[in-house]
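Only one structure is covered here, and it is reproduced in the block below.
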Amino acid sequence: MSLSEATAGNGALPLVVDSVEKRFGDLVAVAGVSLELRVGECLGLLGPNGAGKSTLIRSIVGRVKPDAGTIAVLGTPAESAAAREALGWVPQELAIYPRLSCRENLQAFGRYHGITGAKLEDAVVWGLKWASLEDRGNELVRNLSGGMKRRLNMAAGLLHHPKVVLMDEPTVGVDPQSRNHIFDMIGELRQEGAALVYTTHHMEEAERLCDRIAIIDHGKVIAQGSKEELIKSTFGDRTQALARFAGGTEKVTAWVAGQGGRWLDLEAEFTLEHPSEIAKLLESATEEGLALEDLALHRPNLESVFLNLTGRELRD
Amino acid sequence: MLAIIRTSLLSLRRDRPALALSFLVPIAFFTIFAVIFGGRKDTTPRINVIVVDEDQSQASQALLKGLAAEGSLRVKMHSDAKKGEQLADYTAATAEAAVKDGDVSTALIVPKGFGADPVSFGPADPSRPKIQMLSDSSDPIAPQMLAGLLQKTAFTSLAPSMAEKGWDSLEASAGGFTPEQRSRVQQSLEAMRKHQNDPNAQAGSGRGGQSGGGMMIAVDSRTITGETKDKPILSFYAAAVGVMFLLFTSTGAAGALLEEAESGTLDRVLSTRITMTRLLTGKLTYNLLLAFTQLTLMFVWAWLVFQVDLPHHLAGFVVMGLSTAFAVASFGMMLASFCHTRAQLASVSTLLVLMMSSIGGSMFPRYLMPAGMQKAGLFTINAWAIDGFQKVFWYDQPVTELWPQVGVLLAIGVVLFVVARRFARRWEAV
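Protein chains in written order, with the numbering used here: chain A, 1 to 316; chain B, 1 to 430.
Below is the structure:
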């Protein structure tokens, strides 16, 4: 089924991004990205800072006009009023009013989404509860902790119960406890049936939350699929070994390169067709006179996939 | 210590708003004040005066000629001709109406019979025709200057009459210098000295009434506007200061738009049902209501504490208040959408508001300024707003007479809002 066919009719996918391009002067922010978001799915956009994730999200919510390509939300163009109704956006910035209370903020954003009267009050109550801020409703935003602000920031974008939710790095700058709280909120949303696009540069978040992951680098989707699919397509059944050596790094790095491995600052990474290959590797290291300090075998993860595909670490 | 100085200088060099406030604003202000007060040798502004010659005698013509030649006066004999009409001479009634409407601050009416006995020495004959000087007390300087200039002109323009009168006076009072005559001369001199030392006898002094007994030309000075108002300058300053602070408040309130843009809130709002036009209209309405409330509080305070008569001018106040609030709110929106940061807005608005306020009459009355500067003031919101409030509170004009000021303020508001909308396109989808 082509992307355009997917958007047609009542059974339209929540979100279809088709060959979207966006340039800012000479900078290519998004270079022909195509994506699909399926009903009830959480799609992760994983990539380093500056990869084009936020530009893509801003294109979907209509804040950036693509130079080429189309975006459809539940079968309607992204810039249409129907698409705006269906979308809920949680921006990376704390886009709330610092001098208003939590309740006043939610009331304001509810009204901006066209909610009024009793429905608005219900939405505000839901928002405060969802964000676990029931007892902070009258607190001014500027007096809240960073984690609380993040949660309110999320609630402000979702009061109208959108079918398609876009979350742009919602855990930036929060402590682990608040991050877990946010993950619980996302879990609740998913239980309610919302389809989510979740951008992050944290591999663990993508692994934990997302059904499928699109890896973005330099404005392009370089791979997409489930975590298992990505690892399988990149590494097959191969295993990875991480080894740390004592002594000078010059001799070690030369040996690592000779064995087809990769030097990662303090340790060497080897991709093995079979775990038994580790014995040969150890033998070679001993012959070379290298002092092994630590050795670990592990299945490749998303970080390994990203490194393998781009030659860079995710946080470079 | 040098390191601290160097760091501070580097910081200042990169803080353009602070640089502008430190160097540009003082220079701009110095320039404005220099133009107003120091741009000419004669620092006294010319006074517009209407002169009505009911006498048409040789003496009255000579006096008028002398007044017209006086550099400090701008004498008007005819009302401005409308298209297709001929110039019409002012009459006593139209001259009085012009002063009441605030077209000029003073008028002189030379009565019939003036030429028969134009000057006198010593105590004046109460039956002698007196020149009527009509004045608007909102400009306390003009009548004082005019009274002095009138007497000065009499010296230069009515010299033959003065000599004749002096001879007659001498002959009439000395008459052969008999003891009796000597006594009469002494009495006459005593009377003149008495009048000279009497401050109430000075022409043009006080708030109107009889004057000129001891002067050569008898003048009846009469205040015809604001005669029942105790503090003539108060309604002016309520409007003048009010408008200036409205401009500051409005730019500050509109600056919230920049804060929202910087925090990302504006982006989020524009991703909802709210369009840019609706957003700006909402902000404009809020700023308008804020400005009108501020103005209302100011005038209520002026009414309660300084007896500015608000209750009897309510309709005019509301019309002028809303028009002014609309213009200043649009001004704030335009600046906020033009500037890129809050700091930039602060420096640009400070510069513009202070310039507009000084040229537009919020800091000192425009009638004190040179003619060119008075015309330049017409490019400011302040001037139109102050003129409108003066019409309401000082000249007691009905609401229908406010159309020029209201029209200009509304036009300014519409134009600035359209410009603001255009600047705001940068916040729309890129």
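Here a beta-carbon is modelled for each residue, glycine too, at the ideal position from N, C-alpha and C.
Since the model is a prediction, treat every value here as computed from it, not as a measurement.
Interface partners of residue i on chain B, CB under 8 Å
| i | result |
| --- | --- |
| H113(A) | T272 and R273 |
| G157(A) | R268 |
| W89(A) | R268 and S271 |
| Y198(A) | The premise fails here: Y198(A) is roughly 17 Å from chain B at the closest Cβ pair, so nothing lies under 8 Å. |
Identified DSSP bridge partners for residue i
| i | result |
| --- | --- |
| E269(A) | L242(A) and R262(A) |
| Y97(A) | Y97(A) is not bridged to any residue. |
| I433(B) | Residue 433(B) is absent from the model: chain B starts at 1 and stops at 430. |
| P77(A) | A72(A) |
| R212(A) | L43(A) |
| N48(B) | R74(B) |
| L140(A) | S101(A) |
| T200(A) | L46(A) |
| D53(B) | V110(B) |
| D136(B) | T225(B) |
| A195(A) | V164(A) |
| D317(A) | Only positions 1 to 316 of chain A appear in the structure, and residue 317(A) is not among them; the question remains open. |
Alpha helix (DSSP H) segment containing residue i, residue limits
| i | result |
| --- | --- |
| M167(A) | Careful: M167(A) lies outside any alpha helix (DSSP H), inside the beta strand (DSSP E) at V164 to D168. |
| L15(A) | From DSSP, L15(A) is part of no alpha helix (DSSP H) but of the beta strand (DSSP E) over L15 to F24. |
| N49(A) | Taken as a continuous stretch (DSSP letters only), N49(A) belongs to no alpha helix (DSSP H), as it is neither H nor E. |
| E104(A) | C102 to Y112 |
| E277(A) | E277 to E288 |
| I141(B) | I141 to S157 |
| A302(B) | M276 to F306 |
| L67(B) | Q58 to A69 |
| V353(B) | R342 to G360 |
| A12(A) | From DSSP, A12(A) is part of no alpha helix (DSSP H); its letter is neither H nor E. |
| T310(A) | L302 to T310 |
| P17(B) | R16 to L19 |
| S337(B) | L314 to F338 |
| A131(A) | Careful: A131(A) lies outside any alpha helix (DSSP H) and carries neither H nor E. |
| L152(A) | G146 to L158 |
| V269(B) | T265 to L270 |
Under 7 Å by beta carbon: chain A residues contacting residue i
| i | result |
| --- | --- |
| A429(B) | G62, R63, V64 and K65 |
Contacts of residue i in chain B (Cβ-Cβ under 7 Å)
| i | result |
| --- | --- |
| E93(A) | S263 and G264 |
| I222(A) | Result: empty, since nearest Cβ-Cβ is about 26 Å, beyond 7 Å. |
| I96(A) | T265 |
Reference residue i; option with closest CA among the options
| i | options | result |
| --- | --- | --- |
| L209(A) | G219(A), E273(A), I222(A) and A195(A) | A195(A) |
| E54(B) | A116(B), V99(B) and S235(B) | A116(B) |
| G255(B) | W301(B), W394(B), A142(B) and H340(B) | H340(B) |
| L246(B) | A154(B), L134(B), Y367(B) and A327(B) | A327(B) |
| I386(B) | P398(B), P365(B) and E401(B) | P365(B) |
| V17(A) | T55(A), R179(A), A246(A) and G25(A) | T55(A) |
| K112(B) | P129(B), E96(B) and T106(B) | P129(B) |
| D237(A) | P275(A), E204(A) and K22(A) | P275(A) |
| A12(A) | E169(A), A95(A), T76(A) and A214(A) | T76(A) |
| G50(A) | E188(A), E293(A), E169(A) and E303(A) | E169(A) |
| C42(A) | A29(A), I96(A) and E188(A) | E188(A) |
| L149(B) | P126(B), L63(B) and M77(B) | L63(B) |
| C102(A) | E21(A), L295(A) and E121(A) | E121(A) |
| T223(B) | V75(B), I141(B), A383(B) and L322(B) | I141(B) |
| G219(A) | P14(A), S59(A), D26(A) and G32(A) | G32(A) |
| A436(B) | S157(B), Q144(B) and A28(B) | Beyond the ends of chain B as shown, which are 1 and 430, falls residue 436(B); an answer cannot be given. |
| K65(B) | D101(B), K152(B) and R278(B) | K152(B) |
| G361(B) | L304(B), Q56(B) and A240(B) | A240(B) |
| M203(A) | E192(A), Q191(A), G193(A) and I216(A) | I216(A) |
| A315(B) | Q397(B), L12(B) and D220(B) | Q397(B) |
The beta strand (DSSP E) enclosing residue i, as first and last residue numbers
| i | result |
| --- | --- |
| G225(A) | K220 to G225 |
| S34(A) | L27 to L37 |
| L297(A) | A291 to H298 |
| V90(A) | L87 to V90 |
Contact test: residue i Cβ vs the ligand PLP heavy atom, cutoff 7 Å
| i | result |
| --- | --- |
| L281(A) | Here there are no bound small molecules, and the ligand PLP is not part of this structure. |
Where residue i meets chain B, residues with beta-carbon distance less than 9 Å
| i | result |
| --- | --- |
| R84(A) | S271, T272 and R273 |
Every unbroken alpha helix (DSSP H) within the stretch 367–426 of chain B, with a cutoff of 4 residues, ordered by chain: Segments of the alpha helix (DSSP H) lying fully in the stretch 367–426 of chain B: 371–377, 381–393 and 403–423.
Contained beta strand (DSSP E) runs [length at least 3] in the stretch 219–254 of chain B, N- to C-terminal order: Runs of the beta strand (DSSP E) inside the stretch 219–254 of chain B: 219–225.
For the stretch 78–119 of chain B, which segments carrying the alpha helix (DSSP H) assignment without a break, of at least 4 residues, lie completely within its bounds, in sequence order? The stretch 78–119 of chain B contains, as complete alpha helix (DSSP H) runs of 4+ residues, the segments 92–100 (chain order).
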